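A.B. asks: So that we are looking at the same thing, I have put the structure below in structure tokens.
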Amino acid sequence: MPELPEVETIKRDLSKLIVGHKILGITTDSPKQVQPSLTVVKKAIVGAKVKRIKRRAKLLQIFLSNGQILAIHLKMTGRLLVRKKDFPKDDWQHVIISLSGNQELRFADLRKFGWVKLIKDKKELEKLLAEFGPEPLDDLDLKKFRAILASSGRPVKIILMDQKKISGVGNIYANDALFLAKIDPRRPAKKISDQEAKKLLQVIEKVLKAGIKYRGASDQYYLDALGRKGAYQEHFLTYGREGKKCFDCDGKVKKIKLGGRGTFFCPKCQK
DNA sequence: CAATCAACCTGGGTGC
DNA sequence: TGCACCCAGGTTGATT
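In our numbering, the protein residues as written are 390 to 660.
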């Protein structure tokens, strides 16, 4: 579910809500999602304070006062909710971190693909983060982007979503960016012209910024740290619009499968 | 090396 | 109503 804008929204929320709070405990009814194990994580984090929150790609990192880090990946249906202790149980809550100030950080996840992982120090974190490609709103210039596209003959949409090549772009924003750039998602990446690459990079930034502005896309499961929906789903250009009129011509949005993922585009104006 | 696909899970929707 | 099947914002690891 969550792509860069959704994870960034949660990062900003958590920065306001839990920084400075002390960790009092952790429980789970889904042990596989806590790594390396609940016992080890509990021992490492209880008593520490939350120092700061960061995001890299779709991975959240909670930096603790004792130098350790909790890395959290939400995968498809993960949520991170900050609640008062007596707030009613959230749907699919599986990991509960109790905090000072009568608060809880609840990790909820319908499909249980997400995880909470203890990272021992900055070195171990760096190793993990080294796998990710550049950040599109930060680190990705046209030169790098052209080189990334030129490096593969796979469909351009698959390259946009490959976290090793570019980090943070997922299915929703990849579809919408390709629509704005008027590029067919099936085109081999290396066949994208320099002119098209320039446009594509611009609109990737545009859709991600729109996603952040609207506090994420709550098409199905996404909620921010206070349990509120985002609004980007009201501004989808192609995602989930199969059979509906293209916003740019008199064609209709078509859905195909690409790399096993639902892919939405207008065959009439995306060339 | 690239491409494809199953696997990890649960629940909602559809069609028979 | 029941059941089989397909689909879902992500990533990884096995297999062609």
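C-beta: ideal position from N, C-alpha, C; glycine also.
A quick note: this is a predicted structure, and the numbers were derived from the prediction, not measured.
Under 8 Å, do Q659 and L567 count as touching if we go by C-beta distance?
C.D. replies: Yes, Cβ-Cβ distance for Q659 and L567 is below 8 Å.
A.B. asks: Within a Cβ cutoff of 8 Å, which residues of the same chain sit near A563, ignoring the five residues on either side of it in sequence?
C.D. replies: Only K546, L549, M550, P574 meet the Cβ criterion.
A.B. asks: Quick check on the DSSP output: what are the complete alpha helix (DSSP H) runs of length 4 or more inside the stretch 538-608, in order along the chain?
C.D. replies: You should have 545-550, 560-569, 583-602.
A.B. asks: Alpha helix (DSSP H) containing S487: first to last residue?
C.D. replies: Run containing S487: none in the alpha helix (DSSP H); it sits in the beta strand (DSSP E), 482-488.
A.B. asks: With a cut-off of 8 Å on the beta carbons, I'd call D565 and Y628 a contact; round off their distance for me.
C.D. replies: Rounded, the Cβ-Cβ distance is 6 Å, consistent with contact.
A.B. asks: Can you tell me which of L615, L612, F654 puts its alpha carbon nearest to the alpha carbon of K634?
C.D. replies: When only C-alpha atoms are compared, the closest one is F654.
A.B. asks: Under a Cβ-count criterion, where at least 16 other Cβ atoms within 10 Å of its own Cβ denotes burial, should V429 be classed as buried or exposed?
C.D. replies: Its Cβ having fewer than 16 others within 10 Å, V429 is exposed.
A.B. asks: Should D498 go down as buried or exposed, given a rule of 16 or more other Cβ atoms within 10 Å for buried?
C.D. replies: Buried, by the Cβ-count rule.
A.B. asks: Have a look at K440 and Q622 and give me their C-alpha separation to the nearest angstrom.
C.D. replies: If you take the alpha carbons of K440 and Q622, they lie about 33 Å apart.
A.B. asks: Residues in its own chain within less than 8 Å of Q482 by CB, not counting five upstream and five downstream?
C.D. replies: Closer than 8 Å at Cβ, skipping near neighbours: L470, R495, F496, A497.
A.B. asks: For H410, which of helix, strand or coil comes out of DSSP?
C.D. replies: Looking at H410 - three-state DSSP - the assignment turns out to be coil, as it is neither helix nor strand.
A.B. asks: With a CB to CB cut of under 6 Å and the five nearest residues on each side skipped, what residues in its chain are close to K643?
C.D. replies: Excluding positions up to five away in sequence, the list reads P656.
A.B. asks: Assign N491 to buried or exposed, taking buried as 16 or more other Cβ atoms, counted over all protein chains shown, within 10 Å of its Cβ.
C.D. replies: By the neighbour-count rule (16 or more Cβ atoms within 10 Å), N491 is not buried but exposed.
A.B. asks: Do the stretch 501-515 and the stretch 418-435 make contact, defined as three or more Cβ pairs closer than 8 Å?
C.D. replies: At 8 Å Cβ cutoff, the stretches touch.
A.B. asks: I need the straight-line Cα distance from V596 to L569, nearest angstrom please.
C.D. replies: Cα to Cα, V596 sits roughly 9 Å from L569.
A.B. asks: So the candidates are S489, G605, C638, L526; which of them puts its Cα closest to the Cα of G616?
C.D. replies: Minimum Cα distance to G616 is reached at G605.
A.B. asks: Going along the chain, which residues of its own chain have a beta-carbon closer than 6 Å to the beta-carbon of I645, five neighbours each way excluded?
C.D. replies: So the list reads T652, once near-sequence residues are dropped.
A.B. asks: Taking the CB atoms as reference points, tell me whether Q450 and L514 lie closer together than 8 Å.
C.D. replies: It is a contact, given that the beta carbons lie within the stated cut-off.
A.B. asks: Given this structure, state the Cα-to-Cα distance separating L518 from R445, to the nearest angstrom.
C.D. replies: Answer to the nearest angstrom: the Cα atoms are 7 Å apart.
A.B. asks: Taking K447 as the reference, which of G632, L529, V558 has the closest Cα?
C.D. replies: The option with the nearest alpha carbon to K447 is V558.
A.B. asks: Near K579, which residues of its chain fall below 7 Å by C-beta distance, leaving aside the five closest residues on each side in sequence?
C.D. replies: Correct list, in chain order: L538, A539, S541, G542.
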